[in-house]
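Chains as they are written, first to last, in the working numbering: chain Y, 1 to 400; chain Z, 401 to 800; chain X, 801 to 1200; chain H, 1201 to 1600.
Glycine residues also receive a C-beta, built at the ideal position from the N, C-alpha and C atoms.
Okay, so here's the structure we're looking at.
There are 4 protein chains.
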Amino acid sequence: MDFSELFINEKLALLLPRYESFVQKHIIPLEQEAVYGSFRGALPKIEELRDLARKDGLFAPHLSEKDGGLGLSLPDFARVSEILGKSPLGHYIFNCQAPDIGNMELLHQFASEELKEKYLKPLQEGKIRSCFAMTEPQHAGSNPKHLSTTAIKIGDEYIINGHKWFTSSADGATFTIVMAVTDPENPNPYQRASMILVPLDNPGYSLVRNIPIMGDEGEDYMSHGEVKFVNCKVPTKNLIGKEGFGFALAQERLGPGRIHHCMRWIGICERAIDLMCKRAISRELDPGKPLASQQTIQNWIAESVAGVKAARMLVLMTAHRIEKEGAKAARTDISTIKFFVSDILMKTLDRSIQVHGALGITDDTILSFWYRHERGARIYDGPDEVHKSVLARETLKKYA
Amino acid sequence: MDFSELFINEKLALLLPRYESFVQKHIIPLEQEAVYGSFRGALPKIEELRDLARKDGLFAPHLSEKDGGLGLSLPDFARVSEILGKSPLGHYIFNCQAPDIGNMELLHQFASEELKEKYLKPLQEGKIRSCFAMTEPQHAGSNPKHLSTTAIKIGDEYIINGHKWFTSSADGATFTIVMAVTDPENPNPYQRASMILVPLDNPGYSLVRNIPIMGDEGEDYMSHGEVKFVNCKVPTKNLIGKEGFGFALAQERLGPGRIHHCMRWIGICERAIDLMCKRAISRELDPGKPLASQQTIQNWIAESVAGVKAARMLVLMTAHRIEKEGAKAARTDISTIKFFVSDILMKTLDRSIQVHGALGITDDTILSFWYRHERGARIYDGPDEVHKSVLARETLKKYA
Amino acid sequence: MDFSELFINEKLALLLPRYESFVQKHIIPLEQEAVYGSFRGALPKIEELRDLARKDGLFAPHLSEKDGGLGLSLPDFARVSEILGKSPLGHYIFNCQAPDIGNMELLHQFASEELKEKYLKPLQEGKIRSCFAMTEPQHAGSNPKHLSTTAIKIGDEYIINGHKWFTSSADGATFTIVMAVTDPENPNPYQRASMILVPLDNPGYSLVRNIPIMGDEGEDYMSHGEVKFVNCKVPTKNLIGKEGFGFALAQERLGPGRIHHCMRWIGICERAIDLMCKRAISRELDPGKPLASQQTIQNWIAESVAGVKAARMLVLMTAHRIEKEGAKAARTDISTIKFFVSDILMKTLDRSIQVHGALGITDDTILSFWYRHERGARIYDGPDEVHKSVLARETLKKYA
Amino acid sequence: MDFSELFINEKLALLLPRYESFVQKHIIPLEQEAVYGSFRGALPKIEELRDLARKDGLFAPHLSEKDGGLGLSLPDFARVSEILGKSPLGHYIFNCQAPDIGNMELLHQFASEELKEKYLKPLQEGKIRSCFAMTEPQHAGSNPKHLSTTAIKIGDEYIINGHKWFTSSADGATFTIVMAVTDPENPNPYQRASMILVPLDNPGYSLVRNIPIMGDEGEDYMSHGEVKFVNCKVPTKNLIGKEGFGFALAQERLGPGRIHHCMRWIGICERAIDLMCKRAISRELDPGKPLASQQTIQNWIAESVAGVKAARMLVLMTAHRIEKEGAKAARTDISTIKFFVSDILMKTLDRSIQVHGALGITDDTILSFWYRHERGARIYDGPDEVHKSVLARETLKKYA
C-alpha cells in the first residue's frame, strides 16, 4: 500500500488503474510521434485515442456527469491528473488540459447561457480549443496588476487593444479569453481589469508568432502564442462575469489550476523516477555492476522518491481544502505547493537525466522534453520567489 | 484550519491545546535553568511539573489507561509528541522520553511478569529511569550486525562483557537493556544477539564517563554514557523476549521510536520558526525596517514552513501505517522520514540561528542547544545515508 | 583591476580587448541567425567573419605562429577562450572549436608527415572540419575501457566495424579520428585501443543521424552524430601514434580540452551574469522598483560572481600546471575543474533564466540555447560523479 | 606541487614547513587540555610554547622585524595563517590572534607614541592581551551605523556610557578599544563615531559576563564578553586616530582581519579534511570495506577539497590586492571571500562530522569545537547576506 491510498475511495480505486493502463498502453507509445514529431500531424491518432477514452467512459474526468464527464471532486481528479501527467499527451487525450480546463471552469461558472451554448459545449466535447491571454511582454508577470491591454466600451462593443504573450495554445484555438483594463481609473488596481471572450477569427486579432521556447516553436495545442489585439471589436455580452472582476476570476481560476499543474508535475516525477530506475538497473559500468550499485545514484533515487511522496501529500491536502473551503481560504497553501513541488520537479528531472548519461540529453527519452518545457514551472503562474513571499508574509501576520 | 487538522479526532482536538498550553506556560519558562543550568539541580521543579501533569490527566499519554496513561494510538500520540518537542524538557515531564519510552514498550511486550512488576511498573510511574546499551565505539553504528559485546550463559546466569557508548541517560538510571551476542556461531548474523536487562547496581557494570557531546558532558537524564560490562553476571530470566531475537526486537523498537523522534524534530522546527518570526518582526535594520522586510528572510521562513508541513504529513502517514500494518510493513516509510525530516530540522534550525544574528549562537535562546544536540539526528538510529540506500534498494526491487 | 589580471602579460593585455570587441561587435549580432536559425545557412556570413579574424591577426590563437596562429601558451589561450565562450559561435569563428582543436593537437603531435600535409594543414586553415568518434551507445562513457568497435589489421589495411554516437560535428566533416580496439587480448584494458584517421567519404562509414539533443537535431558543425563503421577499410598508415596508444592519446587530448571547455563555460557564465544584471536593472516590478532591488536577485548575482571568480582561478592554475608539468601531472586538477566549473555553470545559467522570467525560457535570449546544450557539461568527458571519485581517491592515497 | 605553491617565495618555502611541524608536534597535542579543558589552566604550557616559538624565530610573523616579528607581507602571512588555523590554539601561540592582531595594527598606525609605548609594545611582546568593543546587543551588527554608546568630551576627558557584547577575549584583557559616538549630530552617520582606548582597570568599566556561546562560557582569551561602560572616564589622548574616524578605521581594520579569518577557516577545513580522510580509511563497515569505499563519502571529500582549493585562491588574490592597492580598493573582494569561504567552512566541517558518525559529535575530536564556535563565521563581521548585497550592488553599478 502506498501512503496515498489512504485518500482513495472505492470509485477511484477502480478508476485509477484504468487510467494508468490507458496511459501506458496507448499514450506513451504515441509520444515520439506527437511530442518530438509533429503534434498536428499526429492529431488523427490523438483523436482516435480520444474516441477510445470516450468509449471507455474515461473522457473529461473533471466534468460533471451531466456535461459528459465523470463528476470527480477536485481531490479525486487530482489523483487522475497525477497519472495523466506521466505523458505530455495525457491531459490532452482526456480533454482536461490547460488552458482549456480553466476556461471550461470560467465559462461554466460565469458565462451567459448564450456563450455557454456557443463555446463551452463544443469545448467540453473536445471539438474546439481555446486559450487565455493575460501575460504581457512589457510587464513583470509576477505583479499582475500592471496591464497595458485596454478594452474600451463604446455602445454595445468593447474595443480591445493590446499585446500579449505566453497565450498558450493560441495556434489553432477557436477563442481566447483576454484580460483587459476596462476601468483604468479605479483606485483599486485589482479592480481595473475584466475578462472578455474573443473569437479568434476576429479581424482585430492576430497571432504574431508561436514563441520559440527552448529551441522549439511548437505548433497547434503545443505552442505558446504571442498575439495582438488592434481595435479588436467584440460585443459587450462577451464579458465573462462582471466588469472589474478580472483579477477575482483569475484568482478563482488559479486555485484548481495549480492543483492540476502540481499533480501533473508529480506524474512527471514518477515517470522520471521510473526511467531512472530502469536505467540504473540495466546500464552496466562493468559487467555485472549496474549503475544502481552506485551510492550516488541510490541517493538520487531515494531523495526523489521521498520528495515526491511529500509533494503529493501537500497537494492532495490543498485540493481537499479548496474543495471544502474554496480557493481563497487555501491561498497560502496554493502558494506553498507552487514552489515546493516545482523544486522537486526540477531536481527529479535533473537527476534522472544525469543517470541516463548522454542518452538523457537526447530526444530518445521523454526527459529532455520536460527538462526544457517544465523549466517554466518555476516561472509561470507567478515565479516561486513571489509565492515564497506570500507564504512568509502570511506566516508573519500572526506576529505583527 | 491547518492541513493536519484533517487527522485530528475529537479527543485530540480537546487534548492538544491543553498540552500546548502546558508547554508554553510551565515548561518553556524552566528551560534556562534545567537545560542550560543543571538538570539535576532542577529535578525538584521538574518533579513538580510531573505532578501537575498527573493531576491534569496529561501524564504518560502513550500508555494505556490501565497503565495510568491516556491510551492514545500511535498517530494520536505523534500529534502530542510534536507539541512536547517544542521544549527539550517536554517529553521528560510527561514521562514519554527516549530511551525510557522504548524500554517501556519492550518490557510491556516481551518481558516476564516478574520483570514487569519490578522494572516496568516504576518506570511507567516515572519513579525510575532506564537506558539502552547497543552502540559500540569499535563498530560502525550503521551496520548493527557487528557487535563485540558477549553474553555467555553459564548455568542460570549470563556473563556479560563489552564496551558500549551513546548509552543515553545511563547516569542515574536504574537499569539498562543491553544488546549482547549470545549465539556467535549463528550463520545468520541478525540472529546472534539478544537483549538482556541489567540492573545498574551490578558490580560488573560501570559508567566510564558521560561523553562530552558538543562541549557538554551533561548529567543525569541529559547525558550520553560510555559504559563497560566486565564479567557482569545477571540471571538468565533477565532475558527480554527470546535468545537471538535482539535484532528483531530492536527493529520493532525503532519504528515507533522514529515517529517519536521525527515528531519531536517537527516540534523543534515549529519552535525555531516561531522564534525566527518573532525576531524578524522585532529586530530593525533601520528604524521602521524590520528584518522581516528582507526577502532572504522571507525565503527562509517560507522554505521552513513548507518543509515542516510536508514533513508532518509524511510522519503522520507513517504513524498510521505502523498502527495498521506494523513496523515491518512500514520499514521503508520509516527510513524515508528519518532522512527527510532530519534534513528539514537542520535547515530550519540553521535559518533561525542566522536570523537571530549573534544572539543565535548564544545560550540566550534555546536554538544553540538544539543546534548542538540535534546534529546527531542525522547520525543516530542509522546515518541518513544508510536510510537513503534502504529506500533506493526497496524502490529498485520492482525493476530487478 | 580584476583579480585575474595578475595573470595577464603585456601581449595578452593588448590582445584580450581586441577579442572582446570582436565578439561584441561582430559575433553576438550573428547569434539569432546562426544559432537559432540555420547554421549552414549562415556559413557565408561566418566565413566573412573568419576572414576578418584572419585580417585582424586574431585567427587560430592556439596555433604556433609558424602554423598561422598567435603562438599563445595554454594559460594565455585560456584567457582568450574565456572571451570567445561568450558566444556559441566564438570559438568557431577563430577556428579553435572542439572537436577540431583537439584533432589539430593530436595530428600535430602524433601523425605522419603525409597525414599532416593532407589533413592537418587544411584543418588549421579552416578549410575543412573533422570529428572524433569515441563514445558508444552500448557502453557507459564513464568507463572508457569498454569499447566494442574493432579495427582488424589485414595486410596494410585496418577493417573497422562499430557503432559510435556523440561524434560531434560529423555532419559535413572531412575526416574523423576513431577509437577502435586493435589488440583485444591485451591484459591491460587501457592498451587495447588505437586511434585511426578515417576520411568520411569512405564507403564503409555512414552518418546514421544527427542525434536530436534537447529538441534540436542541429546541422553541420552544430550537431552530434550517430555513425557506423561497417567493414570500413583504411590504410594502416592512417594510424595516429602507435597501436595500443588510444587511451594514452585520449588522456593527452583531454587535458587541454578540459581547459578549453572550462574557460568556455566561464565565458558563458559571464554572458549570463551580464544578461542577468541588465535584466535586473531594466525590468520593473513597480514603477521605479527594478528587479535589482530584490534581495533574492542580489543573492543570485553575488553567488554567481563569486563562483565564477573562484572557477576562473582554479582553471587558470590548472592551465599553468599542464603547461609546466604536463597533463598527466595535472590529472586530479583537471578532474577538479571538470565538476567544480560545470556546477557553477549550471547554477549561473539557471539563475539568469529565472531573473528573465518568461523571457528566459524563450529563444529571444541566448540563455535557452546554453540551458539545453550545456546540460551535457555535467556528462561529457566523464560525468561529474566520476571526476569526484578520481579526486577523492587521489586525496585518500596519502592516507592508505 | 600544489597550485598554491605558485605563490610561494623562497622565504616562505622554508618557513611554512617549520610552522606546520610546530603545529603538528607541539600545538595539536595540547588541544584536549587547553580547548576542551581549561584554557586558563593550560596557560603555563601555552607560555612554554610561546617561548619555544620565540626561540625558533617563528613568533609574531605579522610584525616587522624591528618589532620582533618576521616582517611578512599580508599574502605571505596569509599562508602562515592557514597553517596556524589547523588548531584553535595556533594563532594564539604565535601572538597573531584576533582581536589582538587587529589592535596591534590599529595602534601601530594610528596611536600616539605614548600609547604605543604603554600598550602596543607589551601587546606585541605577548605580555598583555586586549579586546575590541564595537557590537551592541540593541542594534543589528549588519548595520554598524547604529550605535548607542556615547563618549562625551568634557575638558580633557571622554565620559563613555554604553553596553557592548561580543567583546571577544575581554576576560583577562588589559585594555579595550571601544567604538563610541562622539559627534551624534554629524549628518554623515559614518562620521559620528570614534575609537578610544580604555584600560580595563577603569572603575567605569565592567565585564557583565562571558556570554555562553553554544553551551560554553569559555574563559580568558577563549571568551566573548558582555561589557558595560558607566560614566567611564578616560583621557582624550586615548583617542585612536581622529575624532569621527571610527568607521574609517574599522574598515581599515576589517580588510586584513578578513584575510586572517578566511585563511584560518581554510586551515580548519584542511584539518577537517585530514580527519575525514583518516576516518574514512580506518573505519570499516564490514571487514575490509572501509567508509572510504562509499561513493557518498568520496563525493564529500572531493567537494571539500575542490572548495578549499577555490577558496584559498580567492583569499590569496584578495590579500595580494589589499597589499598592493589597499583595503578600500579590495572592498568587494573582501565581501566576496567573507561569504564564499564561510560557506565552504560550514559544509566541510559538517561533512567531516558526518563521516565520523557518533564520534563526530563528541569532544573526542576537535570538530565539535569548530562546529559550535565557527557557526558564527556566517554572522560576525557582517552576516553573509550583507556581503552578498555589497557584491551585487557593486556588480550592478556598471549597469546603472
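Look at the alpha carbon of E617/Z and the alpha carbon of E517/Z, and state the distance between them as a whole number of angstroms.
Mapped onto the second sequence, residue 617/Z falls at position 217. Mapped onto the second sequence, residue 517/Z falls at position 117. Rounded to the nearest angstrom, the two C-alpha atoms are 33 Å apart.
For Q354/Y, would you say it is in contact with chain H, using Cβ-to-Cβ distances shorter than 7 Å as the test?
Numbered from 1 along the first sequence, position 354 holds the residue referred to as residue 354/Y. Between Q354/Y and chain H, the shortest Cβ-Cβ separation is not below 7 Å.
Under the three-state DSSP convention, the category M1334/H falls into
What you label residue 1334/H is simply residue 134 of the fourth sequence in a count that begins at 1. The answer is coil: DSSP assigns M1334/H none of H, G, I, E or B.
Neighbourhood of I552/Z by C-beta, 6 Å cutoff - its chain only, sequence neighbours within 5 removed
Position 152 of the second sequence, counted from the first residue, corresponds to residue 552/Z. Closer than 6 Å at Cβ, skipping near neighbours: I559.
7 Å Cβ cutoff met for F477/Z and H491/Z:
By 1-based counting over the second sequence, the position of residue 477/Z is 77. By 1-based counting over the second sequence, the position of residue 491/Z is 91. No, they are not a contact pair.
In chain X, which residues lie with their C-beta within 9 Å of the C-beta of W1340/H?
Within the fourth sequence, residue 1340/H is the residue found at index 140, counting from 1. One point to set straight first is that residue 1340/H is Ala, not Trp, in the sequence displayed. Near A1340/H there are no residues of chain X at all, since even the closest Cβ is about 15 Å away, more than 9 Å.
Secondary structure of A842/X, DSSP reduced to three states
Working through the third sequence from its first residue, we reach residue 842/X at position 42. The answer is coil: DSSP assigns A842/X none of H, G, I, E or B.
Answer yes or no: does any C-beta atom of chain Z fall closer than 7 Å to that of C269/Y?
One-based indexing of the first sequence puts residue 269/Y at position 269. No, no contact with chain Z.
Report the option in S464/Z, N586/Z, M717/Z and C669/Z whose CA atom is closest to the CA atom of F645/Z.
Locating residue 645/Z in the second sequence gives position 245, where the first residue counts as 1. It is N586/Z.
Does E925/X have its Cβ less than 7 Å from a Cβ in chain Y?
Translated into the one-based positions of the third sequence, residue 925/X becomes position 125. It does not: the Cβ of E925/X has no partner Cβ on chain Y nearer than 7 Å.
Taking a cut of 8 Å between CB atoms, which residues from the stretch 133 to 163 of chain Y lie near chain X?
T135, P137, A140, G141, S142, N143 and H146
Neighbour list for C1077/X in chain H, Cβ cutoff strictly below 8 Å:
Your numbering for residue 1077/X matches position 277 in the third sequence. In chain order: T1595, L1596, K1598 and Y1599.
Touch test, the stretch 239 to 256 of chain Y against the stretch 100 to 119 of chain Y, Cβ-Cβ under 8 Å, three pairs minimum
yes
Out of curiosity, what's the CA-to-CA distance linking M663/Z and R479/Z?
Position 263 of the second sequence holds residue 663/Z. Position 79 of the second sequence holds residue 479/Z. Between M663/Z and R479/Z, the C-alpha separation is close to 7 Å.
F229/Y - DSSP class collapsed to helix/strand/coil:
Along the first sequence, read from residue 1 onward, the residue named residue 229/Y stands at position 229. Strand at F229/Y.
Pick out whichever of Y621/Z, R775/Z and A729/Z has its Cα sitting closest to the Cα of G441/Z.
Position 41 of the second sequence, counting from 1, holds the residue named residue 441/Z. Minimum Cα distance to G441/Z is reached at Y621/Z.
Along the chain, where does the alpha helix (DSSP H) containing A1192/X start, and where does it finish?
As a position in the third sequence, residue 1192/X is number 392, starting the count at 1. Counted as a single uninterrupted DSSP element, the alpha helix (DSSP H) harbouring A1192/X occupies residues D1184 to K1197.
Taking L349/Y as the reference, give the member of L359/Y, E325/Y, P137/Y and E374/Y with the closest Cα.
Mapped onto the first sequence, residue 349/Y falls at position 349. The candidate whose alpha carbon is nearest that of L349/Y is E374/Y.
Evaluate contact between the stretch 260 to 274 of chain Y and the stretch 303 to 311 of chain Y, counting only Cβ atoms and requiring at least three cross-stretch pairs below 8 Å.
Yes: at least three Cβ pairs fall under 8 Å.
S1542/H and A1577/H - do their beta-carbons sit closer together than 7 Å?
Within the fourth sequence, numbered from 1, the residue matching residue 1577/H stands at position 377. Within the fourth sequence, numbered from 1, the residue matching residue 1542/H stands at position 342. Between A1577/H and S1542/H, the C-beta spacing is below 7 Å.
Output, in sequence order along the chain, the residues in the stretch 365 to 379 of chain Y whose CB is closer than 8 Å to any CB in chain X.
S368, F369, Y371, R372, R375, G376, R378 and I379
At 3 residues or longer, what runs of the beta strand (DSSP E) sit wholly inside the stretch 877 to 938 of chain X?
930 to 933
Using 7 Å as the threshold, is the C-beta distance between F39/Y and E219/Y below it?
In the first sequence, residue 39/Y corresponds to position 39, counting from 1. In the first sequence, residue 219/Y corresponds to position 219, counting from 1. Contact flag set, yes.
I need the DSSP call for R592/Z, collapsed to helix, strand or coil.
What you label residue 592/Z is simply residue 192 of the second sequence in a count that begins at 1. R592/Z: coil per DSSP, three-state reduction.
Residues bridged to E284/Y by DSSP?
Taking the first residue of the first sequence as position 1, residue 284/Y is located at position 284. Its beta-bridge partners are P290/Y.
Could you list the residues in the stretch 1483 to 1499 of chain H with a C-beta less than 8 Å from some C-beta on chain A, going in chain order?
Protein chains Y, Z, X and H are contained in the structure displayed, whereas chain A is not.
Contact check, V435/Z vs I766/Z under 8 Å by CB: the rounded distance?
Mapped onto the second sequence, residue 435/Z falls at position 35. Mapped onto the second sequence, residue 766/Z falls at position 366. Indeed, because the Cβ distance is near 7 Å, the residues count as touching under 8 Å.
Please decide whether M1513/H counts as near chain X, where near means a Cβ-Cβ distance under 7 Å.
As a position in the fourth sequence, residue 1513/H is number 313, starting the count at 1. Chain X, which has a Cβ nearer than 7 Å to the Cβ of M1513/H, makes this yes.
Tell me which residues share the same chain as M1014/X and place their Cβ nearer than 6 Å to its Cβ, disregarding the 5 neighbours each side in the sequence.
Numbered from 1 along the third sequence, position 214 holds the residue referred to as residue 1014/X. R1172.
In chain order, each alpha helix (DSSP H) run of at least 4 residues that lies wholly inside the stretch 733 to 772 of chain Z:
Counting only unbroken stretches of 4 or more residues, the alpha helix (DSSP H) elements lying wholly within the stretch 733 to 772 of chain Z are 758 to 761, in sequence order.
In three-state DSSP terms, what is I8/Y?
Taking the first sequence and counting its residues from 1, one reaches residue 8/Y at position 8. Of the three classes helix, strand and coil, the one that applies to I8/Y here is coil, per DSSP.
Assuming F566/Z contacts T535/Z (C-beta within less than 8 Å), just tell me the rounded distance between them.
Along the second sequence, one-based indexing puts residue 566/Z at 166. Along the second sequence, one-based indexing puts residue 535/Z at 135. So it is a contact: roughly 5 Å between Cβ atoms.
Consult DSSP for A729/Z and reduce its assignment to one of helix, strand or coil.
Taking the first residue of the second sequence as position 1, residue 729/Z is located at position 329. DSSP places A729/Z in coil when its eight states are reduced to three.
Determine the chain Z residues that contact T1562/H at a beta-carbon separation under 7 Å, and present them in chain order.
Locating residue 1562/H in the fourth sequence gives position 362, where the first residue counts as 1. Those within 7 Å of T1562/H in chain Z are I611, P612 and I613.
Would you identify the three-state DSSP class for D1416/H, choosing helix, strand or coil?
For the purposes of this step, residue 1416/H is taken as residue 216 along the fourth sequence, with counting starting at 1. Here D1416/H sits in strand by DSSP.
Run the CB neighbour count on I1396/H, radius 10 Å, all protein chains shown included, and call it buried at 16 or more, exposed below.
In the fourth sequence, residue 1396/H corresponds to position 196, counting from 1. The residue is buried, with at least 16 neighbouring Cβ atoms inside 10 Å.
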